[in-house]
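Residue numbers (our numbering): 925 to 1032.
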């Protein structure tokens, strides 16, 4: 069984460093969720850095989670369309990282 954690990173993916991952391991977890505030902010260098840090600790790539806030069911069509674009970007980021999934909560 893989036991990961979501709450030991003080922010989004930019906050993940060796010390954070070592702390996760010291707590007995095998990986940590990757929060993404802005999927367009992750470039190829960032992907390599994250994958390398996880791999060097034997951590499998976990799920990602974006800052979803219920806009998939918003009344305003433009708001919904923007959220759909965000979800597509999250799927792309998850694929580039080699993550098995991205956590999605369509409601508020």
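C-beta: ideal position from N, C-alpha, C; glycine also. These numbers were taken from a predicted model, which means no experiment stands behind them.
Are the beta-carbon atoms of residue i and residue j separated by less than 7 Å?
i, j, result
"residue 971", "residue 1027", "no"
"residue 960", "residue 928", "no"
"residue 1021", "residue 985", "yes"
"residue 926", "residue 954", "yes"
Quick one: what's got a C-beta closer than 7 Å to residue i's C-beta in the same chain, skipping five residues either side?
i, result
"residue 976", "none"
"residue 1017", "960, 963, 966, 988"
"residue 936", "959, 960, 961"
"residue 948", "929, 932, 956"
Any idea which residues DSSP pairs residue i with across the strands?
i, result
"residue 966", "None, per the DSSP bridge assignment."
"residue 956", "929"
"residue 1027", "989"
Using C-beta distances below 8 Å, list every residue in its chain close to residue i, excluding the 5 sequence neighbours before and after it, in chain order.
i, result
"residue 951", "929, 932"
Item to check | At least three beta-carbon pairs within less than 8 Å, the stretch 994-1004 to the stretch 963-977 | outcome: no
Next on the checklist: Quick test of the definition: if touching needs 3 or more C-beta pairs under 8 Å, does the stretch 1010-1018 touch the stretch 938-947?
Outcome noted: no
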